[in-house]
Amino acid sequence: MIGLRPAVPADADFCYLVHRAAMKAYVEAVWGWVEADQRALHDRGFDPSHTHIISIDGQDAGLLIVEHTPEHVYVGRIEIRPEHQGRGAGSHLIGELLRDRPVELDVLAVNPRAHALYRRLGFHDVRDDGIRTRMRWSPRTERGHP
């Protein structure tokens, strides 16, 4: 069972711990991981009004940040604790966003598992700066299909 609930300010520590567990190796590979810097960055950027907590089988397991713009849906972050990864939650949640508007997201170049997931879901590369790849999913009509 996969669910979402709006985040509240008290979820700040949980969201940081999820980020550290899910992303530390990737951040470390690109920029290096300095705990105090990462914590400060998180504390400055945490906005519960744009964050949802992912639950799996009734247990808080991750976070999802999605921005809706007139042009597209942007997935700012989807992070799931490692012990809950590989069970379809990410595919399910991203799949729920794939409707009638384009969806965009950024993936770190050092995260081939995420690249593979998004490609399986129909995303394609839009631009790559060597650190991040912007990926985009388009509705069938936008991809040239009826």
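Going left to right, the sequence shown walks through residues -9 to 136 as the numbering used here numbers them.
C-beta atoms are modelled at their ideal positions from N, C-alpha and C, and glycine is treated no differently.
Tell me the DSSP bridge mates of residue i?
| i | result |
| --- | --- |
| residue 76 | DSSP lists no partner for residue 76. |
| residue 42 | -4, 54 |
| residue 123 | 97, 118 |
| residue 69 | 53 |
| residue 63 | 58, 93 |
Taking the alpha carbon of residue i as the reference point, which residue from the options has its own alpha carbon closest?
| i | options | result |
| --- | --- | --- |
| residue 48 | -5, 96, 65 | -5 |
| residue 88 | 50, 31, 128 | 128 |
| residue 67 | 35, 76, 111 | 35 |
| residue 57 | 46, 77, 84, 50 | 84 |
| residue 37 | 93, 71, 114, 0 | 0 |
| residue 3 | 61, 32, 130 | 32 |
| residue 6 | 28, 104, 19 | 28 |
| residue 60 | 18, 94, 86, 39 | 94 |
| residue 15 | 125, 126, 71, 106 | 71 |
| residue 46 | 40, -7, 112, 125 | -7 |
| residue 103 | 76, 19, 65 | 76 |
Should residue i go down as buried or exposed, given a rule of 16 or more other Cβ atoms within 10 Å for buried?
| i | result |
| --- | --- |
| residue -9 | exposed |
| residue -2 | exposed |
| residue 9 | buried |
| residue 82 | exposed |
| residue 21 | exposed |
| residue 79 | buried |
| residue 74 | buried |
| residue 12 | buried |
| residue 52 | buried |
| residue 69 | buried |
| residue 54 | buried |
| residue 159 | As displayed, the chain neither begins before -9 nor continues past 136, which places residue 159 out of reach and without an answer. |
| residue 123 | buried |
| residue 109 | exposed |
| residue 24 | exposed |
Under 8 angstroms: do the segment 87 to 103 and the segment 116 to 123 share three or more Cβ pairs, one atom per stretch? Short answer: they touch.
Along the chain, which unbroken stretches of the alpha helix (DSSP H) at least 4 residues long are found entirely within the segment -9 to 35? The segment -9 to 35 contains these whole alpha helix (DSSP H) runs: 2 to 20, 25 to 35.
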